[in-house]
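Here is the structure we will look at.
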Amino acid sequence: MVEVSNEHIEQYRDDGYTIARQMFSPEEVAFYRDHYMAMRAEGPKPGDYGAHTYIGDDPLYQFPRLINMHHWDDHTMRWMLSERFKMFLTGLLGREPYASQTMLYFKPPKSRGQALHQDNWYLRVSPGSCVGAWLALDDCDEANGCLQLVPGSNKWPLLCSVEADSTQSFTNNTVPLPQGAVVKPMIMRAGDVLFFHGSVVHGSPPNTTSDRFRRALIGHYVDGDVKQVWKFYSPAHRFDGSLVEIDEAPEGGLCGTWVTKNGEQVVEMAGQLNSANKSLE
Numbered sequence: 000m001v002e003v004s005n006e007h008i009e010q011y012r013d014d015g016y017t018i019a020r021q022m023f024s025p026e027e028v029a030f031y032r033d034h035y036m037a038m039r040a041e042g043p044k045p046g047d048y049g050a051h052t053y054i055g056d057d058p059l060y061q062f063p064r065l066i067n068m069h070h071w072d073d074h075t076m077r078w079m080l081s082e083r084f085k086m087f088l089t090g091l092l093g094r095e096p097y098a099s100q101t102m103l104y105f106k107p108p109k110s111r112g113q114a115l116h117q118d119n120w121y122l123r124v125s126p127g128s129c130v131g132a133w134l135a136l137d138d139c140d141e142a143n144g145c146l147q148l149v150p151g152s153n154k155w156p157l158l159c160s161v162e163a164d165s166t167q168s169f170t171n172n173t174v175p176l177p178q179g180a181v182v183k184p185m186i187m188r189a190g191d192v193l194f195f196h197g198s199v200v201h202g203s204p205p206n207t208t209s210d211r212f213r214r215a216l217i218g219h220y221v222d223g224d225v226k227q228v229w230k231f232y233s234p235a236h237r238f239d240g241s242l243v244e245i246d247e248a249p250e251g252g253l254c255g256t257w258v259t260k261n262g263e264q265v266v267e268m269a270g271q272l273n274s275a276n277k278s279l280e
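Take 0 as the starting number for the sequence shown in numbering that gives the first Met the number 0 and just add one per residue.
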């Protein structure tokens, strides 16, 4: 079992993310990859979703994302509540979180990516934030659309969204970056797990390959002292499998925009969040 280290904790605290290398074995990865490909081949599932905007013969409509599989698939539930996640996340956060969502992204060849966004724009966790656990089921690089993120953006508030380029992204909203911000590709091997804070700005470019998927199994977790969350993500689960009801987060709220003051770019909390939808990566 890959254990959380001081280096993991420090990187998560400072940069908002860390990677647990080879947390899952090649045999486990192969099982999950085959399991979800077979599930997808069975036909429609609850919550199937391809894209907000249809572009030609979009591969995302042939391989729509699976969502909240733990509601009806025992393998997903056991994965989400696995002891290795309990121990690692508790080490990162200092207390045991709750599990609130699962997803499987297939990202087939020639499919669009997802524009830069913050996960807590969707979950609206308060107080605290959410954490993504992103298991690579394929080797990931820039060619097949690996996840990319802005280190240190965990310290930013929720940013006001603007319209995204729908030729590159299957979602239609994104967040602008300040001048000089660095977007770092997460180069990962199948079996690696990326953990990242809910305020971290992240997304992915299109899969430009002709023969490589970029499949990822994802869990979202919320801080153990959470009081409110967007209604789509409740009830959540404790790691013993029991349910915990969380109050519904209200509509709206403040969001930030980048402004220049005294020659520096700072966030001004002057905007209003619009309603969260259900598309994360």
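The C-beta atom is built at its ideal place from N, Cα and C for all residues, glycine as well.
- By the C-beta density criterion, M79 is buried, having at least 16 other C-beta atoms within 10 angstroms.
- Counting along the chain, no alpha helix (DSSP H) covers G127, and no H or E run does either.
- Here A19 is buried. Its C-beta has 16 or more other C-beta atoms within 10 Å.
- Taking a C-beta distance under 9 Å as the contact criterion, Q117 and N67 do not qualify as a contact pair.
- Rounded to whole angstroms, the Cβ separation of V243 and P234 is 6 Å, and the two are in contact under 8 Å.
- Within the DSSP secondary-structure output, N172 pairs in a beta bridge with E162.
- The Cβ atoms of R213 and G131 do not sit closer than 9 Å to each other.
- Counting along the chain, the unbroken beta strand (DSSP E) around M268 starts and ends at E263 to Q271.
- Within the same chain, Cβ atoms closer than 8 Å to the Cβ of E95 are found at K85, L88, T89, G223, R237 and F238, the five residues on either side in sequence being excluded.
- Sorting N261, I245 and E267 by C-alpha distance to the C-alpha of C254 places E267 at the top.
- Residue range P25 to A40 is occupied by the alpha helix (DSSP H) that includes A40.
- The alpha-carbon separation between H74 and G112 amounts to approximately 27 Å.
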